[in-house]
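Residue numbers (the numbering used here), protein chains in the order written: chain H, 629 to 892; chain E, 2 to 304.
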Amino acid sequence: MDTKGGHGGEPRPYTAAELMVAVAAREINDGDVVFVGMRLPLLGFQLAKQAHAPNAVGVFELGIVRDAPAPEPIFTMGDLPNLHRATWLADTGDVMGLLQQGLVDVSFIGGAQVDRFGNLNTSYIGGLDQIETRLPGSGGACDLASLARRHIIIMAHEKRRFVPKVDYITSPGYGDGAGWRERAGLPRGGPSTVITTLAILRFDPETREMILSSVHPGATVEDVMAHTGWPLKVAASVAETSAPTEDELLILRRFDPQGFWTGA
Amino acid sequence: MSDSKLMTLAEAVSRFVPDGGAVVAGTALESFIPFAAGHEIIRQRKRDLTLVGPISDILFDQLIGAGCVRKVRAAWVGNVITGSGYNFRRAVESGAIEVEDHSNLTLALALRAAAMGVPFMPARTALGSDLFKTNASLKTMTCPFTGDTLTAVAAIAPDVAIVHVQRADEHGNAHAWGNLGVTREACLASRRIIITAEEIVSHEVTTSDPNRVVTPGFRVSAVAHAPWGAHPSPVPGHYNRDHQMFLDYQEESQTPEAFARWQARWVDGVRSSEDYLARLGEERVAGLRLKHHAPAETVDYGY
Chain H
629 MDTKGGHGGE PRPYTAAELM VAVAAREIND GDVVFVGMRL PLLGFQLAKQ AHAPNAVGVF
689 ELGIVRDAPA PEPIFTMGDL PNLHRATWLA DTGDVMGLLQ QGLVDVSFIG GAQVDRFGNL
749 NTSYIGGLDQ IETRLPGSGG ACDLASLARR HIIIMAHEKR RFVPKVDYIT SPGYGDGAGW
809 RERAGLPRGG PSTVITTLAI LRFDPETREM ILSSVHPGAT VEDVMAHTGW PLKVAASVAE
869 TSAPTEDELL ILRRFDPQGF WTGA
Chain E
2 MSDSKLMTLA EAVSRFVPDG GAVVAGTALE SFIPFAAGHE IIRQRKRDLT LVGPISDILF
62 DQLIGAGCVR KVRAAWVGNV ITGSGYNFRR AVESGAIEVE DHSNLTLALA LRAAAMGVPF
122 MPARTALGSD LFKTNASLKT MTCPFTGDTL TAVAAIAPDV AIVHVQRADE HGNAHAWGNL
182 GVTREACLAS RRIIITAEEI VSHEVTTSDP NRVVTPGFRV SAVAHAPWGA HPSPVPGHYN
242 RDHQMFLDYQ EESQTPEAFA RWQARWVDGV RSSEDYLARL GEERVAGLRL KHHAPAETVD
302 YGY
């Protein structure tokens, strides 16, 4: 663990991944039931629990519910420390039932490809007739995107990933716009936020289209536009994303001491 | 009392994993993955299998790379800690295997439908997604009671479930603790069940705590003693996840040639579980053992 403290007013350096985790953690409200995904969201949940949401409850698709961070740094949600003093060890069907009933407030999903309405593709690049790249698939992502009260997308901001229309909808966002989820029969939800390496984006409550909401320190609106594959809508006033605080970084580096997930 | 079902892993795989059969494995998702049994399937050169499971981690990728597989019915195939499974990628991109794309919930419900003896289970997931385009086991339906649009998930009844546990008796009563994923549904859904266990224990041990029995022993076909049989995945109470093995596998499976070397070293050349552990080395094995034990309070089933 990095224990170096006070930099005499010099802002402490942090990585893009650390900023993304801090932003993800801030999306968790105290008391939320959080369906925690792999990688960065795993850290985001741990950070939120310690920083500002002590009453958040974590639900993991493997069949784990816990109300405290794991006692040791973990790499995957199946690591044994994540089972230690869990509040419930159960079956995937049980935790998916919680989700399907509408009892999960927020979930996190990564993606390879996202489009202007927040549909995610983690299955096939290039479409089904001409498969260029086969990706691992849904896992629980389609279920989270379908059934959580809201979900948050975390991914790298690159033009090849931010496309006008995804090649395959693994995890539904807002389809082709307003009313699509309702027509499809989805009971609730939809993406609320996209956290990228450059910015935070949200969705227009009327049109359901993605809108640039805030740019990370060091990035500009122009950078974000240049790395987005469609003419991105921009909010009337674009904020600058708050950098991770000293406290957030201290906690984060305790959970990821070697920077495995959040290193440069 | 039934006869003993205890046999070697080689005999269990030889007798109960038929060429062309459907095998459900990796049912606890990230833990208890039956790698020893999977590697035995590879050594016996089983062919044209249909693999069924939620995420499988790298087990399905290995079976695909070894040429054992014709079809995959799964939610996710890859390497949890690194992402892509390269054998899976190559096989799908070249058209060598067929894929039925599930989500974790639809896969769980497909097995639960078979476990319940019904043709399908309804769900609210995946509506509007393209899973319907690459999974003929999913259809939309109208609820006969509410009129809601629902997803109907067709039952999957595998030929055999392969399940790794902490301990089992010779009659097939298996104790598992931890998060069990879709293990219970998978056992009940399958025609046959192979249990691989860290420890073989007496019937007195398993019946002392019947809540912990995964599936009724009379449904089990084979019990095989397989210490470290889930390595590199973790087994609660026994050993931690061997992250390095998963990280190394990324490179070791990146090309068909690299994977052939991996298979020769870690599967084909392995003569026994002792030999496998020797290949891992004492230091590595020691590093994976539990550092902190946390036994539960006992419970009383008295009368």
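Glycine included, C-beta positions come from ideal geometry on N, C-alpha and C.
These numbers come from a predicted model, not from an experiment.
Exposed or buried, which one is residue i when buried takes at least 16 other CB atoms within 10 Å?
i         : result
ASP630(H) : Because ASP630(H) sits at a pLDDT of 38, beneath the cut-off of 50, its placement in the model cannot be relied upon, and the following sentence gives the value as read from the coordinates. Per the 10 Å Cβ criterion, exposed.
MET8(E)   : buried
CYS144(E) : exposed
LEU756(H) : exposed
GLN758(H) : exposed
GLN245(E) : exposed
LYS292(E) : exposed
GLY636(H) : At GLY636(H) the pLDDT is 44, less than 50, meaning the model places this residue with poor confidence; the figure from the coordinates comes in the next sentence. The residue in question, GLY636(H), is exposed, as its Cβ has fewer than 16 Cβ neighbours within 10 Å.
SER751(H) : buried
ASN212(E) : exposed
GLY634(H) : For GLY634(H), the predicted structure reports a pLDDT of 41, less than 50, and the residue's modelled location is therefore unreliable. The matter cannot be settled from this model.
GLY148(E) : exposed
Output the boundary residues of the alpha helix (DSSP H) element that contains residue i.
i         : result
ARG744(H) : That residue, ARG744(H), is in no alpha helix (DSSP H); it is neither H nor E in DSSP.
PHE121(E) : Unbroken run through PHE121(E) is the beta strand (DSSP E), 121 to 124; no alpha helix (DSSP H).
THR893(H) : Residue 893(H) lies beyond the stretch modelled for chain H, which goes from 629 to 892, so this question has no answer here.
VAL271(E) : Per DSSP, VAL271(E) belongs to no alpha helix (DSSP H) and is neither H nor E.
MET142(E) : Counting along the chain, MET142(E) falls outside any alpha helix (DSSP H), though it belongs to the beta strand (DSSP E) covering 139 to 143.
GLY66(E)  : 59 to 66
ALA261(E) : 257 to 264
ARG213(E) : No alpha helix (DSSP H) holds ARG213(E); DSSP gives it neither H nor E.
THR720(H) : 720 to 729
ARG74(E)  : Here ARG74(E) belongs to no alpha helix (DSSP H); instead the beta strand (DSSP E) covers 70 to 75.
So what does DSSP say about residue i, is it helix, strand or coil?
i         : result
GLY672(H) : helix
SER774(H) : helix
PRO709(H) : helix
VAL93(E)  : helix
GLU837(H) : coil
PHE663(H) : strand
ASN657(H) : coil
GLY903(H) : Here chain H covers residues 629 to 892 and nothing more, so residue 903(H) does not appear.
GLU171(E) : coil
THR345(E) : In this structure chain E extends from 2 to 304, so residue 345(E) is not present and cannot be described.
PRO819(H) : strand
MET8(E)   : coil
VAL183(E) : coil
ALA652(H) : helix
PRO885(H) : coil
GLY636(H) : For GLY636(H), the pLDDT reaches just 44, beneath the cut-off of 50, and the residue's location in the model is therefore unreliable, leaving the point undetermined.
LYS861(H) : strand
THR750(H) : coil
LYS134(E) : helix
VAL286(E) : helix
ARG46(E)  : coil
THR715(H) : coil
Along the chain, where does the beta strand (DSSP E) that runs through residue i open and close?
i         : result
ASP102(E) : 99 to 102
PRO19(E)  : Premise fails: PRO19(E) is in no beta strand (DSSP E) and is neither H nor E.
THR51(E)  : 50 to 54
GLU298(E) : No beta strand (DSSP E) holds GLU298(E); DSSP gives it neither H nor E.
Determine the chain E residues that contact residue i at a beta-carbon separation under 9 Å, and present them in chain order.
i         : result
GLN728(H) : LEU106, ALA124, ARG125 and THR126
GLY887(H) : The contacting residues do not exist; GLY887(H) stays about 15 Å from chain E at best.
Starting from the beta carbon of residue i, find every residue of chain H whose beta carbon is closer than 7 Å, and list them in chain order.
i         : result
SER32(E)  : GLY706
ARG168(E) : Residues of chain H passing the Cβ test: none, with the nearest at roughly 17 Å.
HIS244(E) : PHE703
SER209(E) : Residues of chain H passing the Cβ test: none, with the nearest at roughly 20 Å.
List, in chain order, every chain H residue whose beta-carbon is nearer than 9 Å to that of residue i.
i         : result
LEU151(E) : GLY813
ALA155(E) : Those within 9 Å of ALA155(E) in chain H number zero; the least Cβ separation is about 16 Å.
Please list, in chain order, the chain H residues whose beta carbon lies closer than 8 Å to that of residue i.
i         : result
ASP147(E) : Inspection of the sequence shows that residue 147(E) is occupied by Thr rather than by Asp. Ordered by position in chain H, no residue passes the 8 Å Cβ test against THR147(E), which lies about 11 Å from the chain.
PHE89(E)  : ARG762 and PRO764
ARG113(E) : GLY721
ASN241(E) : ASP707 and LEU708
Using a cut-off of 7 Å between C-beta atoms, extract the partners of residue i located in chain E.
i         : result
SER841(H) : Here the premise fails: no neighbours, minimum Cβ distance about 25 Å.
ILE759(H) : VAL93 and GLU94
LEU717(H) : GLY179 and ASN180
ASP771(H) : SER104, ASN105, LEU106 and THR126
Using 8 Å as the cut-off, classify the Cβ of residue i as near or not near the heavy atoms of the ligand ZN, replying yes or no.
i         : result
ASN683(H) : No copy of the ligand ZN occurs in the structure displayed, which carries no ligand at all.
Which residues in chain E sit within 8 Å of residue i, going by Cβ to Cβ distance?
i         : result
GLU689(H) : LEU30 and ASN105
LEU711(H) : GLY179, ASN180 and PRO237
SER820(H) : The premise fails here: SER820(H) is roughly 18 Å from chain E at the closest Cβ pair, so nothing lies under 8 Å.
*Against chain H: residues of the segment 247 to 271 of chain E by CB proximity under 7 Å*: none
*Anything in the segment 170 to 195 of chain E with a Cβ closer than 7 Å to a Cβ of chain H? List those residues in chain order, please.*
GLY179, ASN180, LEU181, GLY182, VAL183, ARG185 and GLU186
*Relative to chain H, which residues along the segment 132 to 143 of chain E have a C-beta separation below 8 Å, given in chain order?*
LEU132, LYS134, THR135 and THR141
*Output, in sequence order along the chain, the residues in the segment 75 to 87 of chain E whose CB is closer than 9 Å to any CB in chain H.*
In summary, the residues of the segment 75 to 87 of chain E whose CB is separated from some CB of chain H by less than 9 Å are ALA75, ALA76, TRP77, VAL78, GLY79, ASN80, VAL81, ILE82, GLY84, SER85 and GLY86, in the order they occur in the chain.
_Residues from the segment 51 to 75 of chain E in contact with chain H, defined by Cβ distance under 8 Å_ = PRO55, ILE56 and ALA75
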